[in-house]
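> In my numbering, the protein residues as written are 1068 to 1251. Think of the CB as a built atom: it goes at the ideal place given N, C-alpha and C, for glycine as much as any other residue. None of these values were measured; they are calculated from a predicted model.
1) Rounded to a whole number of angstroms, what is the C-alpha to C-alpha distance between residue 1077 and residue 1248?
2) For the beta strand (DSSP E) containing residue 1118, name the first residue and the last one.
3) List the whole-angstrom C-beta distance separating residue 1085 from residue 1098, where the pair is believed to meet the contact cut-off of C-beta under 8 angstroms.
4) So residue 1215 and residue 1250 are in contact, right, with Cβ under 8 angstroms, and what is the actual spacing, rounded?
5) So is residue 1157 buried or exposed if we call it buried at 16+ other beta carbons inside 10 Å?
6) Less than 7 angstroms between the beta carbons of residue 1199 and residue 1146, yes or no?
7) Measuring CB to CB, does residue 1116 end up less than 7 angstroms from residue 1069?
8) According to DSSP, residue 1169 sits in a beta bridge with which residue or residues?
9) Identify the residues that DSSP records as bridge partners of residue 1183: which are they?
10) Counting Cβ pairs closer than 8 angstroms, one from the region 1125-1142 and one from the region 1107-1116, do we hit at least three?
11) When you compare only the Cα positions, how much space is there between residue 1222 and residue 1243?
12) Kindly indicate which three-state DSSP category residue 1246 falls into: helix, strand or coil?
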């Protein structure tokens, strides 16, 4: 099954992370650059998760998951080894129409986390549809090493042109020319 790549604005969206170990830490690190409103619930919270949450204003509840934790959430990530809890949360989320990701359990996921490259507002997502995450990570590394250093400047220049020039063929041609001139 191939997954459709969809980019969504997470700014201010309420994201619940159930679990607070190393896997949850990686998910938190991936989410922070996109400015969601994250809440963490876990029976035990690692020092690293506690530190990153503290320094990013993320609310942490050190206790077992409760169904009430889902109230008002826009997205849920289940980063626990307990498959029964993953299944239970997945079913609750399905009933409540909340997208859910259960780490390493594709059968309990509505979406997966891609490997990604993020440079300012340029975001490149890479996925193997959950079949080989290590391959996605290697492809990300290859892409990162191939990208030119001036992408942020180029993006800002093109964005400025899009704002000031009238829509149409002339603007499109100008943008294409600048891209050709700067990137080859």
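On the basis of the coordinates in this document:
1) 34 angstroms
2) Residue 1118 -> not in any beta strand (DSSP E); alpha helix (DSSP H) instead, spanning 1114-1122.
3) Between residue 1098 and residue 1085 the Cβ distance is about 14 angstroms, and since that is not below 8 angstroms, they are no contact.
4) 6 angstroms
5) buried
6) no
7) no
8) 1145
9) 1192
10) yes
11) 13 angstroms
12) helix
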